[in-house]
Each structure stands twice: as structure tokens, then as C-alpha cells.
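K.L.:
Counting from 1, position 45 in the sequence shown corresponds to residue 106 in our numbering; the numbering is continuous, with no gaps.
Don't be surprised by glycine CBs; every beta carbon is placed ideally from N, CA and C.
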Amino acid sequence: MRLMVRRIKRSARRVLTERRGFTLVEMLIVLAIIGVLAAIAVPNLAGMTKAAKERACDANCKTLEAAAGMYYVEEDKWPEGEGGTLDQKLLTDKGYLEKEVTCPVNNAAKYSIDSNGKVTCDHSQLQQGQS
62 MRLMVRRIKR SARRVLTERR GFTLVEMLIV LAIIGVLAAI AVPNLAGMTK
112 AAKERACDAN CKTLEAAAGM YYVEEDKWPE GEGGTLDQKL LTDKGYLEKE
162 VTCPVNNAAK YSIDSNGKVT CDHSQLQQGQ S
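1) Kindly indicate which three-state DSSP category T84 falls into: helix, strand or coil?
2) Got a sec? Which residues, its chain only, sit under 8 Å from D183 by beta carbon, not counting five neighbours each side?
3) Suppose the cutoff is 8 Å on Cβ atoms and the five residues either side in sequence are ignored; what does the same chain contact list for K30 look like?
4) Which residue comes first and which comes last in the alpha helix (DSSP H) that contains T146?
5) According to the Cβ coordinates, are A129 and V180 closer than 8 Å?
6) Output yes or no for whether 8 Å exceeds the beta carbon distance between T110 and V162.
7) Looking at the unbroken beta strand (DSSP E) that takes in V166, where does it start and where does it end?
Rendered as C-alpha cells:
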């Protein structure tokens, strides 16, 4: 029995002393794989973030259209500010909006309203002008 225990200890010691860690080549391969995965994942995440912000801006436009519609029913005019902009302060003061909203794409509060009550954001107008 003692002989068997000695052999097990000797073989365990040999395994522990012979294997010291990863080689440089193994580390470089792992680093290259991580780099390739990061190069694939980062642009996809950036595109998703931009699309999510644009969808949030569209939702803001719909909310503002609904508030402007309620204002129009009561006041018989659109809540229009200077130069065709939507006067959000007027909507919040009258209680149609809890607070003024900003565009998540460009962090501006500049929304426009046309004569039919359609609300648009200035970032979407800039994108249409570029394409």
C-alpha cells in the first residue's frame, strides 16, 4: 500500500513540475480569436444602438402627435412655435405632456409640426437631405 501511495505522489509531482503554463503561441492564438470576435461584435452592437435610438425618436414623434392632436381639439390650432417648430412648453403647461422630450439620436428637443399635425424630428430631416 505504501509503495502505491509513493508512486501516486511521485507521478502527481512530476505532472505538476512538468506543466508550467501556457506557451506564447497558445496565448497568441487565444488573443487572435478574441480580436476576431471583437471585430465582428462591436460594429453590430453600434448599429443596434443607433437603430434603437431612431425607434425611440419615432415613438417620441407619435407621443407628440397625440398630445398635439388633443391640443388641437381643445384650442382649434396646432401648438406651433417659431418657424414651424412644435411648442412643447405649451403642451406641458396645458397638461398634454408630462415633460418635454428630447431626441435620443442627437439630444435635441427640436421637433417640427406641419399643418396636418404630423410631427417630425430634425435629425430625420437631416438624414433625408443626405441620402
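P.N.:
Well, looking at it:
1) coil
2) C164, N167, A169, K171, Y172 and S173
3) With the chain covering only 62 through 192, there is no way to say anything about residue 30.
4) Taken as a continuous stretch (DSSP letters only), T146 belongs to no alpha helix (DSSP H), as it is neither H nor E.
5) yes
6) no
7) Segment: none, V166 is in no beta strand (DSSP E) and carries neither H nor E.
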